[in-house]
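Numbered by full-length UniProt numbering, the letters in the sequence shown go through residues 1 to 531 in order. Using N, Cα and C, we set each Cβ at its ideal position, and we do this for glycine too.
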Amino acid sequence: MKFGPVPLDQAHGATLAHSITVDGFRLRKGAVLSDDDVAMLRAAQFAEVTVARFEPGDVAEDEAARRLATALAAPGLRVADPFTGRVNLFAERAGLIAVDRGGVDALNSVDEAITLATLPHLARVAAGAMVATVKIIPYAAPATALERANPAPGVLTLHPFRPLTCRIILTQTPGLKDSVVAKGGQVTAERLSALGLSPAASIVVPHDSAALADALHAAHEDLILILGGSATSDRRDTVPEGVRAAGGQIQRFGMPVDPGNLLFLAQKGASHIVGLPGCARSPALNGADWVLERLVAGVEVTSADIAAMGVGGLLKEIPTRPQPRQRRTQRAPRAAILLLAAGQGRRMRGADKLLEDVDGQPLIRHLANRALASAATSVIVAVPSGHTDRIAALAGLPVTIVEVPDAVEGMSASLRAAAQQIGDADSAIVMLGDMPDISTTLLDRLIARAGAQGGAEIVRPVLRDGRAGHPVLFGKSHVPALCAVTGDRGARDVIAAAHDALELIEVEDDAPLTDLDTPEAWADWRARRNG
Numbered sequence: 001m002k003f004g005p006v007p008l009d010q011a012h013g014a015t016l017a018h019s020i021t022v023d024g025f026r027l028r029k030g031a032v033l034s035d036d037d038v039a040m041l042r043a044a045q046f047a048e049v050t051v052a053r054f055e056p057g058d059v060a061e062d063e064a065a066r067r068l069a070t071a072l073a074a075p076g077l078r079v080a081d082p083f084t085g086r087v088n089l090f091a092e093r094a095g096l097i098a099v100d101r102g103g104v105d106a107l108n109s110v111d112e113a114i115t116l117a118t119l120p121h122l123a124r125v126a127a128g129a130m131v132a133t134v135k136i137i138p139y140a141a142p143a144t145a146l147e148r149a150n151p152a153p154g155v156l157t158l159h160p161f162r163p164l165t166c167r168i169i170l171t172q173t174p175g176l177k178d179s180v181v182a183k184g185g186q187v188t189a190e191r192l193s194a195l196g197l198s199p200a201a202s203i204v205v206p207h208d209s210a211a212l213a214d215a216l217h218a219a220h221e222d223l224i225l226i227l228g229g230s231a232t233s234d235r236r237d238t239v240p241e242g243v244r245a246a247g248g249q250i251q252r253f254g255m256p257v258d259p260g261n262l263l264f265l266a267q268k269g270a271s272h273i274v275g276l277p278g279c280a281r282s283p284a285l286n287g288a289d290w291v292l293e294r295l296v297a298g299v300e301v302t303s304a305d306i307a308a309m310g311v312g313g314l315l316k317e318i319p320t321r322p323q324p325r326q327r328r329t330q331r332a333p334r335a336a337i338l339l340l341a342a343g344q345g346r347r348m349r350g351a352d353k354l355l356e357d358v359d360g361q362p363l364i365r366h367l368a369n370r371a372l373a374s375a376a377t378s379v380i381v382a383v384p385s386g387h388t389d390r391i392a393a394l395a396g397l398p399v400t401i402v403e404v405p406d407a408v409e410g411m412s413a414s415l416r417a418a419a420q421q422i423g424d425a426d427s428a429i430v431m432l433g434d435m436p437d438i439s440t441t442l443l444d445r446l447i448a449r450a451g452a453q454g455g456a457e458i459v460r461p462v463l464r465d466g467r468a469g470h471p472v473l474f475g476k477s478h479v480p481a482l483c484a485v486t487g488d489r490g491a492r493d494v495i496a497a498a499h500d501a502l503e504l505i506e507v508e509d510d511a512p513l514t515d516l517d518t519p520e521a522w523a524d525w526r527a528r529r530n531g
């Protein structure tokens, strides 16, 4: 691929390297320049333009990324559509993502044009979480490099959580309050529930080896968790002795993870037994979580595996690495899309912009279908009360229609009404009803960024020139503020008040800024689209 400035008479068919605005019309970065584009640039007094020119054997960035991502996709992984030379891979089920470090490093060493980024090895993922992203850095990659980078099977492997049977055994020492024992059982059950398991009822026995052995003789579940009334200090302590008396074998005592040092792992027949450390009475992350995740995902856990957990095993709450006191249940992120379609559209001079034809259907239905095709779990459409035409345009779609009696107040009335209906969603995406170019891919990018590890609370698309647009995703903590907005400013004040929580994701096209609210804007949009 050749890259650099060229005279305009050599620019036809080349790929534009940087976006250019001419008389209000924007030529987007990545566009293949036509004769009309070149003529427009010449009329605007451009003498040259910076472009990329493909050579024989070059593969365009989207196709190159798609090929590599498809080769990486193991069972249980979904390959998203390519955009700007990037393809993301998502987990279809909750579990652990195993990453072959050598395979990733080998792929990233083939050619600087080709990159693969992943989550850490055996990271825990919810269904719908992004696990890896392929990015082609320039506009094209050499076909020969793609052939050398073609990954062998097993670079990425999803180990989904399995529906194991499980039991919790609690031991009680003299003087240990019933409420403390019950709380420990509740936290342990919640740990298992977060992994998709439904434990049998917890049983409580005296903190005595014989009593524990009797309970274990009657337990035949796949996974047995023991939370002792007193910490286990040695292989010959009460709880390990009870396991041995029941015919179990202690495979590992102690682990280089803090908190979690006093865990032990045992086997009795087909049952895995985990002796939980005392810190497991808290829902905060500890070493037992790492062991449980692997067991439930069907990943072997040996003494050597536990011994290798020391690097990164310092989990204790220290000022430089605080840990949350309550851990949210791991599940697929739930996003509600709020499609605001209750505007009055006065600038349309009598026409209804929400009913304008887009690809053979009214705009409101076109946008609702794009929202429904996304990873969102619900779509809520706000319409003016009694607006039968807009309601009829949504007939048969699985959306929640909210009629807004005070729609004349402006956008805030629609936003308040829709935001109150998000239910158990983790986030709300505010999507305006007069923006026909908003894609399902963009909606999925917002959802993926909020649902990723360390995900942002507010996510907004931005063009390369710094202009921010719509739609905008808000985490649930900001929904009360959305429910209280007033006037016609919509969510702008909410974004301004929480600016530190805002994360921008770069997009290559003008879709986040293309709103059509006059007949002239619709005519120009159709002319550009058809031209």
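Asked: Beta-carbon separation (whole angstroms), Asp105 vs Pro142, contact threshold 8 Å; Found: Actually they are not in contact, since the Cβ atoms of Asp105 and Pro142 sit about 20 Å apart, beyond 8 Å.
Asked: For Ile438, the first and last residue of its enclosing beta strand (DSSP E); Found: From DSSP, Ile438 is part of no beta strand (DSSP E); its letter is neither H nor E.
Asked: Integer-rounded CB distance, given that Pro199 should sit under 8 Å from Ala189; Found: 5 Å
Asked: Counterpart residues of Val32 in DSSP-defined beta bridges; Found: Thr15
Asked: Nearest neighbour of Met228, chosen from Leu263, Gly85, Arg529 [CA to CA]; Found: In the sequence as presented, Met is not what sits at residue 228; that position holds Gly. Nearest C-alpha to Gly228: Leu263.
Asked: Leu340 to Arg349 span [Cα, whole Å]; Found: 20 Å
Asked: Val381 vs Val402 beta-carbon contact at 9 Å; Found: yes
Asked: Ser230 versus Gln267: straight-line alpha-carbon distance, rounded; Found: 21 Å
Asked: Own chain residues within Cβ distance below 7 Å of Glu506, not counting five before or after; Found: Val462, Arg464
Asked: Own chain partners of Val205 with C-beta closer than 8 Å, once the 5 adjacent residues on each side are dropped; Found: Ile169, Leu170, Thr171, Gln172, Ala211, Leu212, Asp214, Ala215
Asked: For Gln186, the first and last residue of its enclosing alpha helix (DSSP H); Found: 178-194
Asked: Neighbourhood of Ala413 by C-beta, 6 Å cutoff - its chain only, sequence neighbours within 5 removed; Found: Val404, Asp406, Ala407
Asked: Segment limits, beta strand (DSSP E) that includes Asp506; Found: Contrary to the premise, residue 506 reads as Glu rather than Asp in this sequence. Here the beta strand (DSSP E) through Glu506 covers 502-507.
Asked: Candidates Leu482, Phe83, Leu116: closest to Ile422 by CA position; Found: Leu482
Asked: Assumed close pair Val49, Val22 - CB separation to whole angstroms, cut-off 8 Å; Found: Going by Cβ atoms, the distance from Val49 to Val22 rounds to 11 Å, so no, they are not a contact pair.
Asked: Cut-off 8 Å between Cβ atoms - residues of its own chain near Asn369, not counting five sequence neighbours on either side; Found: Gln361, Leu397
Asked: Collapsed DSSP secondary structure at residue 533 in the structure displayed; Found: The requested residue 533 does not occur in the structure, where the chain is confined to residues 1 to 531.
Asked: Pro405 beta carbon near the ligand GTP (any heavy atom closer than 8 Å); Found: Among the ligands in the structure shown, none appear at all, so the ligand GTP cannot be discussed.
Asked: Any 3 or more C-beta pairs closer than 8 Å across the region 510-518 and the region 428-445; Found: yes
Asked: Which listed residue (Met40, Asp35, Ala31) has its alpha carbon closest to that of Gly24; Found: Met40
Asked: Among Val38, Arg53, Leu77, Val479, the one whose alpha carbon lies nearest that of Gly4; Found: Arg53
Asked: Pro259, DSSP secondary structure in three states; Found: coil
Asked: Same chain, Cβ closer than 8 Å to Thr238, five either side skipped, listed in chain order; Found: Thr171, His207, Asp208, Ser209, Leu212, Gly228, Ser230, Thr232
Asked: Unbroken beta strand (DSSP E) run spanning Asn88, endpoints; Found: 86-91
Asked: Classification of Lys177 by the beta-carbon crowding that lies within 10 angstroms, buried from 16 upward; Found: exposed
Asked: Segment limits, alpha helix (DSSP H) that includes Val243; Found: 238-245
Asked: Residues near Ala60 by beta carbon distance below 8 Å, same chain, minus five either side; Found: Phe54, Tyr139, Ala140
Asked: Environment of Val274 [buried if 16+ CB atoms lie within 10 Å]; Found: buried
Asked: First through last residue of the alpha helix (DSSP H) which encompasses Leu415; Found: 411-419
Asked: Whether residue 532 touches Leu442 by CB criterion (9 Å); Found: Nothing about residue 532 can be reported from this structure: the residues present for the chain run from 1 to 531 only.
Asked: Gly102, enclosing alpha helix (DSSP H) - first and last residue; Found: 101-108
Asked: Buried or exposed by the 16-neighbour rule on C-beta atoms within 10 Å, applied to Thr388; Found: exposed
Asked: Gln323 versus Asp444: straight-line alpha-carbon distance, rounded; Found: Note that Gln323 has pLDDT 40, beneath the 50 cutoff, so the model's placement of it is unreliable and no number is given.
Asked: Boundaries (first-last residue) of the alpha helix (DSSP H) holding Ser385; Found: Note, Ser385: premise wrong, no alpha helix (DSSP H); not H, not E.
Asked: Start-end ranges of the alpha helix (DSSP H) lying completely within the region 461-487, minimum 4 residues; Found: 479-482
Asked: Under the three-state DSSP convention, the category Gly287 falls into; Found: helix
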